[in-house]
Each structure stands twice: as structure tokens, then as C-alpha cells.
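And the structure:
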């Protein structure tokens, strides 16, 4: 039997880029990247920045869905 999550998504997922540098640190399109993945919403990038990032050989770029932050569900027992 599955259990229901008490957390609810705040809204629909948005598109973004998950980026990792192939070297220790690297800057491109106004952002810095390293060995840890950095996710940037496409809404925060211009088309030119997206093209620069995707075309950079020193970066590993993946298109991803960014899930909205979870909001706790209202607890009916708390309303007393």
C-alpha cells in the first residue's frame, strides 16, 4: 500500500540547464561552474547565454526539469 506524501508541489516544473565543468573551475555566460552540478532555470538565461553554455566543450550541459519547492500540506488537525 502506497503512502501519500504530505508535501505538495508549489507549481509546475520548469525547464533548466544542469551544468558541470570538466575542469576545476570555469566561467561562462556570467556564471561560474565547478565539479558540483549547478542548475539554472532557462527563464534566468538569454538565448545567447544558452547557446554559449551548450556550445562550450569544457562544460557538460543537460536540459532538466526543475521541480518546484515542496510546500507542506495543510494539516486539518492544526486548525483548532
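In the working numbering, the protein residues as written are 555 to 634. All C-beta atoms in this analysis are idealised placements derived from N, C-alpha and C, irrespective of residue type, glycine included. Note that this is a predicted model, so its numbers are computed, not measured.
Asked                                                                                                        : Found
Touching by the beta-carbon criterion (3+ pairs, under 8 Å), the region 618 to 625 and the region 583 to 590 : no
Residue 607: first and last residue of the uninterrupted alpha helix (DSSP H) it sits in                     : 601 to 609
The ligand COA heavy atom lying under 6 Å from the CB of residue 581                                         : Inclusion of the ligand COA in the displayed structure is not the case, the ligand content being empty and no account of it being possible.
Entirely enclosed beta strand (DSSP E) segments - the region 561 to 585, minimum 3 residues                  : 561 to 563, 568 to 575, 580 to 582
Residue 607 and residue 569 closer than 7 Å at C-beta                                                        : no
7 Å Cβ shell around residue 617 - same chain, five flanking residues per side excluded                       : 569, 571
For residue 619, three-class secondary structure by DSSP                                                     : strand
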